[in-house]
Structures are given as structure tokens and as C-alpha cells.
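First the structure, in the form of C-alpha cells, and then the observations on it.
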Amino acid sequence: MTTPDLAIQTSQLSKSFGEKAAVRDLTLEVRRGEVFGFLGPNGAGKTTSVKMLLGLIRPSAGEGWLFGQPLGSSEVRRRIGFLPEHFRFHDWLTATEFLRLHADLYKMPSEKSRQRIQSLLELVGLNEFAAKKLRTFSKGMLQRIGLAQALLNQPDLIILDEPTSGLDPVGRRLVRDIIRDMRSAGTTVFLNSHLLSEVEITCDRVAFIKHGEVISTHPLQNLLDSEVTLTIRARRLTPGNLQGLEHWGHNIRLDGEHLTMILPGEAVLPEINQYLVQQGVEVYAFQPQKISLEDLFIQVVGTDGGL
Amino acid sequence: MGLNSIVAVIARLTFREAARRWVLWVALGLGVLFLIIYAIGLSEMSKDIQTTRSSLLAAEMNNFFLLAGMYVVNFLASIMTVLTSVDTLSGEIASGTIHTMVSKPVRRWEILLGKWLGFAGMLSLYLLLMAGGVAGVGYLVSGYLLPNLLQGWSLMWLSIMVLLGLSLLGGTVLSTLANGVFVFGLFGVAFMGGWIEQFGAFLNNQGAVNVGIITSLILPSEAMWRRAAFEMQSPLVGVFGVSPFSSNSSPSLFMVAYAALYALGVLWLAMHRFGRRDL
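Line order of the protein sequences matches chains A and B. Going by our numbering, the residue at position 209 of the first sequence is 209; the numbering climbs one at a time, nothing skipped. Going by our numbering, the residue at position 128 of the second sequence is 1128; the numbering climbs one at a time, nothing skipped.
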């Protein structure tokens, strides 16, 4: 059953290559207009999932829809832009010729495509390289031209697979600005990136995937606002103290004099402090820190990286 | 823009790629070199041919040398067909170039048909220039024109279309290297089968002829060349059936129809297979 306000909807989407399950029961709901981060360690099944969404590979089981139309529909691809992770283009074309080719694949009228190409080359900062062949481009320039081709049709949904890899800080900021502009224009952005700091800045929600399964989906801002990592430097901590601390938090780790733990919020900090003092623990440092996406990633996915 | 606009876009891209990457120009440059050398050689041999008093013998010799030229053209066109097309799908699949294209609002069969059209156009042009060049050189040097030139050219064209379709079909399933081995392997089988059939016919050995027919059914490209040579050979050779290029076991019209269906069939299979495979 499809829901009209969803850009992406999948139900138990699975893909196996022989005996190996690359994606298992992928159930996702991405709302129209949101920036959605898709995170997971290498080999978790992210690219396979993206390929299924785009109709590049057929699911072994399950169903999926983009804007209410089944995956693989040629018609819905008119509304989608895509920048693949390991992109290779026809490098014997110039930047303008390359964009014109892709505009032709969108069946854009020539005058419209001419204007659009010009504005996109300006947007991604490649205007002066319009007549240069792609084979002369650096990796960062190729990433920019790839981004331009993904924006050609002013998509309702753009799928970006590692859009900032290979970009310098200026290029990364450019991508962030483009994503922000797209969100303002109501475009749905599906972002797959290893650069968690980028995701943290740009995304509304994130899903974590491991071993081909979605482990959890979080509204990013609320989550980052709520959880706190507490680092304590203390002496005379006993196993009983550690057990007692479990009352307020989880993921408690002790390394010498340093103790870290995850708290659900800042409200419990005074109680913990009071508890430690009452237990006779000598506290030298007490540092609460809001959880980063990297912490959350490790917490959800684990330190084995899904291997 | 209509449905076929995508096919036209990809066909143009394919043709332009061959030109930009110098494939077309190198092939045409070497083709011109071949024609120059052929013209010089034919011109020298023509001096000997003209010394013969028999105009019938002179015509036979001219026919032989022109068919030899056509044989080389057919071989070069076959090699060029496989070398240019063998990587077009498997290479773009392996590199990921195809991903940004098929994620556009296009049907995969349009991409494949566009590629076929681009290669077919380029190879037709190549064959036209090379075969036309050989026939033209022959006519200018000796005043002799091969009989049934249009039929001969059409059959040679059909031969390379068979190879082109097979190469594209292989590209939907195999890696570039495996596809090259596959198509050249079958080409070799058909080539050998053709000679076995020819010798079998000369020696009246039906078993050997049957081997040739079976290999022609597996890949009818060589059979189309032999039918082309049969059409373009002189009437005298036709009567005696003695020539390195043809025999009295020339492939039938049924085999020509089979080759045409084969070329269309492998193209359809390639479109179907490409439409269903994971990328």
C-alpha cells in the first residue's frame, strides 16, 4: 500500500547474489522534502539498496515505490537525479557536451537544456571549463560535473552516493549549500555518505544499515539533542560503582581512570555526580558532551564495522 | 522529442565516440593505405594480365584478384566489427558509466538499439568505402567490374551485422575479455567450417559439407561471405566451381534468410537480456 506523502517507500526489499544476502528486508519510508541520511559500514548493502531504488538491479523479494510508482518505472525516473559513488563518464566529451547528452536522455527541449546547462556550470563552479574534455578534469571537478548532471532535470528526488568524496573543503561547502537549497525548494534528498560530519549538518533523519538490514531510523536533530556522552576521570571506582551507574546510562566503559557512558539527557548529571561523591569516589574531571553522529554510528553499528 | 529520440541520441554518441577516440579515423586511414597498396599491386599484375591474348582469361584473372581484395575487406570489416563493439556494453557496465544513463527516463532496449545503430552505421560506411574502393580500383586499373556487386556488398554487410549482434549479446552477459574470446572463437569455428565445407564440396564428401553447414548454423557470418563471393565470382568459375573463395556448395538462399533472422534474433536477445540484467 503506497502512501502519497512519501518519496521513497520500501517493504521488505531484499537482494541476494547467489547464497549471499546483500540486502535483507529493507523497509524504509522517506518523506517528501526531507534530507535523509543512509549510513552503514562498508559492505553493509547501501549501494545495492540505492541500485534497487533506481531500478538498476531487481530485488529478489519485497516491493518498493518512488512517489507511489513501482521501482524500475521509466516514468518516475524523469523526477529523479542520481550521482553514483564510483562514477565514470564518457571522458572524451567536453563538460557541455556531457551535460547536453544527459539533458537529451531527459528529453529536455534544446533551448531549455542550453539555459539549464549554463546555469548549472555556474552553480558548480565549472563555467570556465565548459569546453574542456572530462578526461582533463580532477576528481573533484568530475564530482562537480556529476552533481550538475544529477540536477539537470530539477529533480523531486535526488540520490547522492558519497557526493563529497574527492572534494576539497570549498567543494564540500558547495555540496552542503546545494543540499540546503534543494531542501528549501522542497526536493527530497537521499544521501549516502561516509562523512558523518556532513550528514550531521545536512540531514533531517538517518537510517543505519548493517549486514543488509536497517537497524534503526532516527530523527537526527532530536537524537543529537537528547543523548549525552559523559566522560569522568576518577579514582577508587569499584565494580559496584559501575553497576550503580547503569541506573542512569548505558555503554559504560572504564579505561584506567577514565570512564565513559551514554546518558539519555543532561538532566541526570547532578544525580550521577552526587552518587559518585556519596560512594567515596574521587572525581577529578566530569565532562558531559552531546553525542556526535560518529558516536551514534559506533553505538548503533558497533566497532566491528559490520564485518 | 519522441520515443526514438533516445535511440538517435545513443547512436550519435556511439558514432561520435568512434570518431573522437580515433577508431574511425585509424580504420579509415589504414583502409586508404590498404587501397593504395592494393591499387599498386593490381596495377603491376594488370600489366601481366594484359599480355594474355584471351580476354576471357584476363577477365578470370581480374575477377580472382578483385575477389582476393574483397576477401581481405570482409576479413578486416569482421575484425573491426568485433574489436569496436566488444567493449561497448561490458566496458560501460564494469566502469559504471552506464549507471547514470539507465537511471534516466530511458528504456534499456533504446540504449542497446542506439548502440547497434551507431555501430551499424559506422561499419556500413567502412564496408561501403572499402568494398567500393576495391571495386573502384579494379575498374580504374583494368576496366573490369565485379558482377552482382550490390548483392555481394549486401551479403558482406549481413555477415558483419551477424557478428555485431552476437558481440552486443555477449556484452550483456560476459566481461569484455570473455566476450572477445567468445565472438572470435565462434568466428574461428565458422571460418574453419567454411573451408571444410568448401573442400568437402570439391571432394564430393557430404560429411565434410555437413560439418560446414552446422558451423554456418552456429554462426552464419562466414557463410554470408561465401555466398557474397559466389555472387561476385565470374560465370566460368561458377560453372567449374573451382576457386579459393567459393565452391559449388555455396550457401543457399535459405541460409541467407537464416542469417538475416539470426542477426535480428541476436539483436532482440541482446535487448531482452540487457533489459533484465542487474547493473
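All C-beta atoms in this analysis are idealised placements derived from N, C-alpha and C, irrespective of residue type, glycine included. Source: prediction; values computed, not measured.
Buried or exposed by the 16-neighbour rule on C-beta atoms within 10 Å, applied to residue i
i	result
Trp1157 (chain B)	buried
Ser226 (chain A)	exposed
Ala7 (chain A)	buried
Val228 (chain A)	buried
Lys290 (chain A)	exposed
Glu271 (chain A)	exposed
Phe17 (chain A)	exposed
Phe1182 (chain B)	buried
Thr202 (chain A)	buried
Ala285 (chain A)	exposed
Val1106 (chain B)	buried
Phe1254 (chain B)	exposed
Trp1022 (chain B)	exposed
His258 (chain A)	exposed
Asn127 (chain A)	exposed
Proximity of residue i and residue j at Cβ, strictly below 8 Å
i	j	result
Leu39 (chain A)	Ala207 (chain A)	yes
Met1271 (chain B)	Leu1113 (chain B)	yes
Glu75 (chain A)	Thr47 (chain A)	no
Leu1219 (chain B)	Val1162 (chain B)	yes
Asp91 (chain A)	Arg135 (chain A)	yes
Glu1231 (chain B)	Leu1155 (chain B)	yes
Gly64 (chain A)	Leu53 (chain A)	yes
Leu293 (chain A)	Glu162 (chain A)	no
Gly1096 (chain B)	Phe98 (chain A)	no
Lys15 (chain A)	Ser60 (chain A)	yes
Leu26 (chain A)	Val214 (chain A)	yes
Gln1206 (chain B)	Leu1067 (chain B)	no
Ile252 (chain A)	Leu242 (chain A)	yes
Val124 (chain A)	Leu160 (chain A)	no
Ile57 (chain A)	Leu1279 (chain B)	yes
Gly166 (chain A)	Lys139 (chain A)	yes
Ala1077 (chain B)	Tyr1126 (chain B)	yes
For residue i, the first and last residue of its enclosing beta strand (DSSP E)
i	result
Ala207 (chain A)	Arg205 to Lys210
Thr96 (chain A)	From DSSP, Thr96 (chain A) is part of no beta strand (DSSP E) but of the alpha helix (DSSP H) over Ala95 to Leu105.
Gly62 (chain A)	Ala61 to Leu66
Ala131 (chain A)	Careful: Ala131 (chain A) lies outside any beta strand (DSSP E) and carries neither H nor E.
Glu29 (chain A)	Lys20 to Arg31
Gly45 (chain A)	Careful: Gly45 (chain A) lies outside any beta strand (DSSP E) and carries neither H nor E.
His250 (chain A)	His250 to Asp255
Residue-chain proximity (residue i, chain B), Cβ-Cβ < 8 Å
i	result
Pro84 (chain A)	yes
Phe38 (chain A)	no
Tyr275 (chain A)	no
Gln9 (chain A)	no
Leu66 (chain A)	no
Gln69 (chain A)	no
His90 (chain A)	yes
Glu63 (chain A)	no
Leu105 (chain A)	yes
Arg180 (chain A)	no
Neighbour flag for residue i against chain A, beta carbons, 8 Å
i	result
Lys999 (chain B)	Because chain B spans 1001 through 1279 in this model, residue 999 (chain B) falls outside it and cannot be assessed.
Ser1159 (chain B)	no
Val1173 (chain B)	no
Leu1056 (chain B)	no
Arg1273 (chain B)	no
Met1001 (chain B)	The pLDDT assigned to Met1001 (chain B) is 46, lower than 50, so where the model puts this residue is not dependable; a value taken from the coordinates is nonetheless given after this. Chain A, which has a Cβ nearer than 8 Å to the Cβ of Met1001 (chain B), makes this yes.
Asp1087 (chain B)	no
Gly1121 (chain B)	no
Thr1097 (chain B)	yes
Leu1113 (chain B)	no
Val1009 (chain B)	yes
Leu1279 (chain B)	yes
Glu1222 (chain B)	no
Leu1217 (chain B)	no
Arg1226 (chain B)	no
Ile1006 (chain B)	yes
Met1070 (chain B)	no
Leu1168 (chain B)	no
For residue j and residue i, believed in contact at Cβ under 8 Å, the rounded distance
i	j	result
Leu1146 (chain B)	Asn1074 (chain B)	Not a contact, Cβ separation roughly 13 Å.
His250 (chain A)	Ile262 (chain A)	5 Å
Leu1010 (chain B)	Thr1081 (chain B)	Rather than Leu, the amino acid found at residue 1010 (chain B) in this sequence is Ile. Incorrect: roughly 18 Å between the Cβ atoms, too far for contact.
Met182 (chain A)	Ile158 (chain A)	6 Å
Where the alpha helix (DSSP H) containing residue i begins and where it ends
i	result
Ser216 (chain A)	Counting along the chain, Ser216 (chain A) falls outside any alpha helix (DSSP H), though it belongs to the beta strand (DSSP E) covering Glu213 to Pro219.
Leu191 (chain A)	No alpha helix (DSSP H) contains Leu191 (chain A), which is instead part of the beta strand (DSSP E) from Thr188 to Asn192.
Gly81 (chain A)	Run containing Gly81 (chain A): none in the alpha helix (DSSP H); it sits in the beta strand (DSSP E), Ile80 to Leu83.
Ser1046 (chain B)	Val1023 to Thr1051
8 Å Cβ cut-off: residues of chain D touching residue i
i	result
Phe297 (chain A)	Absence of chain D from the displayed structure is noted, the protein chains being A and B.
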